[in-house]
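Participant: The opening residue of the sequence shown carries number 743 in the working numbering; numbering runs sequentially from there.
Quick reminder that beta carbons are idealized off the backbone N, C-alpha and C, glycines included.
Quick caveat, the model's predicted, so the values are computed rather than measured.
Attaching a single structure in structure tokens format; questions to follow.
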Amino acid sequence: MARFGGRVIVYALLLAWTLVALFPLYWTLSTSVKLGRDVTQGHLIPWVDFSPGWKGWQSLGLSPDTIFQTSNVREEFLKKFINSVICSIGASTVAVMIGSLAAYGLSRFDYKFGPWRNKDISFFFVSQLILPPVVLALPFLVLYKELALLDTRTGLILLYSLMVLPIVVWVMRDQFDTIPAELEQAALVDGCSIWGAFFRIVLPIALPGMVAAFILSLILCWNEYFFASLLTGFDAQTLPVMVASQTGSQGINWWTIAALATAAITPLLLVGIFLERYIVMGLTAGSGK
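Take a look at the structure:
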């Protein structure tokens, strides 16, 4: 009986925490279908506290009654959505390609740069995440102006690649550490080159970890706001910048922000739901050693 009571308490706590974790998503979604007075009065339950409408979605041209009409705001949203997709996927792909090679080298070979060893080099990669982005604002602004990369997707892809590269190196290094080196040695004995052993033996085994690193990078790039706001004007702006700019002469348009936020987080929710096991695999790589 005590065991059953303990399980009830555990499940009750888990249910309560689930409600707490999902409440911001519910608040965002419900706000996108509220009128102004419902937002300010804090009404929560649709059809009980308030009557749902399409005010937020109408302001974006995405409501059922405006979706087939011409809308400049909808075109702007789609442009920034495409920018987010291209920059996030492009940067994540570049980071995974470069980071996997760096992680493989740190896992299989012993390096020595003065007093530095492999662990020191790995920590150096991760230590780059400690640096506040605002410290890099002026250098990147000057550099991108000289290289004509301001307000370009290429500029954001390069910057985002550098931003998520430490995470990719760290995840993939642990992933490669779990693969026995004897597999590659056997491939070398059979006549494979180092590159052949990497692509034919190691890479297929490490592919789930690469997918996990790609997903984590994609999420970080998709949500990045600071550099997207600083280094873009109009052509390469992403969704986070558009969400933050929804203010009017009468104040903040909460319903429009909520509709934009709902549209922006939906792709990440789908990625998290369908590829959850890869994300967990990437976060726990090497923990069983």
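1) According to the Cβ coordinates, are Leu-907 and Ile-840 closer than 8 angstroms?
2) Look at Phe-882 and Leu-962 and say whether their C-beta atoms are less than 8 angstroms apart.
3) Taking the continuous alpha helix (DSSP H) assigned at Trp-937, which residues delimit it?
4) From which residue to which residue does the alpha helix (DSSP H) around Leu-878 run?
5) CB-CB under 7 angstroms to Tyr-886, same chain, minus the five flanking residues each way: which ones, in chain order?
6) Between Val-815 and Gly-803, is the Cβ-Cβ spacing less than 8 angstroms?
7) Rounded to whole angstroms, what's the CA-CA distance from Ile-921 to Ala-1006? Just pull it up for me.
8) Assign Leu-871 to one of two classes, buried (16 or more other C-beta atoms within 10 Å of its C-beta) or exposed (fewer than that).
9) Is there contact between the segment 768-778 and the segment 996-1010, where contact requires at least three CB pairs shorter than 8 angstroms?
10) List the endpoints of the continuous alpha helix (DSSP H) containing Pro-1009.
11) When DSSP builds the beta bridges, which residues end up paired with Pro-1054?
12) Output needed for Phe-956: all residues of its chain with C-beta closer than 6 angstroms, excluding positions within five of it in sequence on either side, in chain order.
13) Restricting to Cα atoms, I'd like to know which of Leu-925, Gly-951, Pro-950 and Leu-958 is closest to Arg-942.
14) So, helix, strand or coil for Thr-835, using DSSP?
15) Is Phe-969 close to chain C? Criterion is C-beta to C-beta, closer than 8 angstroms.
16) Under three-state DSSP, which class holds Phe-855?
17) Alpha carbon to alpha carbon, how far is Gln-917 from Thr-1008? Give it in angstroms, no decimals.
18) Assuming Arg-915 contacts Ser-869 under a Cβ cut-off of 8 angstroms, what Cβ separation, rounded to an integer in Å, is found between them?
19) Is it buried or exposed for Lys-822, if we count other Cβ within 10 angstroms and need 16 for buried?
20) Take the Cβ of Pro-982 as the centre, count every other Cβ of all protein chains shown within 10 Å, and call the residue buried at 16 or more, exposed below.
Facilitator: Taking the structure as given:
1) Here the question's residue 907 lines up with position 165 in the sequence shown. Here the question's residue 840 lines up with position 98 in the sequence shown. Yes, the pair counts as a contact, with Cβ atoms nearer than the cut-off.
2) As a position in the sequence shown, residue 882 is number 140, starting the count at 1. As a position in the sequence shown, residue 962 is number 220, starting the count at 1. Taking 8 angstroms as the Cβ cut-off, Phe-882 and Leu-962 do not qualify as a contacting pair.
3) Residue 937 sits at position 195 when you count from the first residue of the sequence shown. Looking at the DSSP string, the run of the alpha helix (DSSP H) that includes Trp-937 is 936-939.
4) In the sequence shown, the residue the question calls residue 878 occupies position 136. Where Leu-878 is concerned, there is no enclosing alpha helix (DSSP H), given that its DSSP letter is neither H nor E.
5) Here the question's residue 886 lines up with position 144 in the sequence shown. Excluding residues within five positions, the ones whose Cβ falls inside 7 angstroms are Leu-892, Gly-897 and Leu-973.
6) As a first step, residue 815 must be located in the sequence shown, where it is residue number 73. As a first step, residue 803 must be located in the sequence shown, where it is residue number 61. Between Val-815 and Gly-803, the C-beta spacing is below 8 angstroms.
7) For this step, residue 921 is matched to residue 179 along the sequence shown. For this step, residue 1006 is matched to residue 264 along the sequence shown. Approximately 37 angstroms between the Cα atoms of the pair.
8) Against the sequence shown, residue 871 aligns to sequence position 129. When all chains shown are included, Leu-871 counts as exposed.
9) yes
10) If you number the sequence shown from 1, residue 1009 lands on position 267. It spans 996-1016 - the alpha helix (DSSP H) in which Pro-1009 sits, taken as one unbroken run.
11) Residue 1054 is absent from the structure shown; the chain starts at 743 and stops at 1031.
12) Position 214 of the sequence shown, counted from the start, is the residue given in the question as residue 956. Here the set comprises Ser-834 and Val-838.
13) For the purposes of this step, residue 942 is identified with residue 200 of the sequence shown, where counting begins at 1. The residue with the shortest Cα to Cα distance from Arg-942 is Leu-925.
14) Stepping through the sequence shown from its first residue, residue 835 is reached at position 93. Thr-835 falls in the helix class under three-state DSSP.
15) The question asks about chain C, but that chain is absent: this structure has only one protein chain.
16) Looking up residue 855 in the sequence shown gives position 113. Correct three-state label for Phe-855: strand.
17) By one-based count along the sequence shown, residue 1008 stands at place 266. By one-based count along the sequence shown, residue 917 stands at place 175. One C-alpha to the other measures close to 29 angstroms.
18) Sequence index remark: in the sequence shown, residue 915 carries index 173 (1-based). Sequence index remark: in the sequence shown, residue 869 carries index 127 (1-based). In this structure Arg-915 does not touch Ser-869 by the C-beta definition: roughly 15 angstroms separates them, more than the 8 angstroms allowed.
19) Mapped onto the sequence shown, residue 822 falls at position 80. Lys-822 is buried by the Cβ-count criterion.
20) Residue mapping note: residue 982 aligns to position 240 of the sequence shown, counting from 1. Result: buried.
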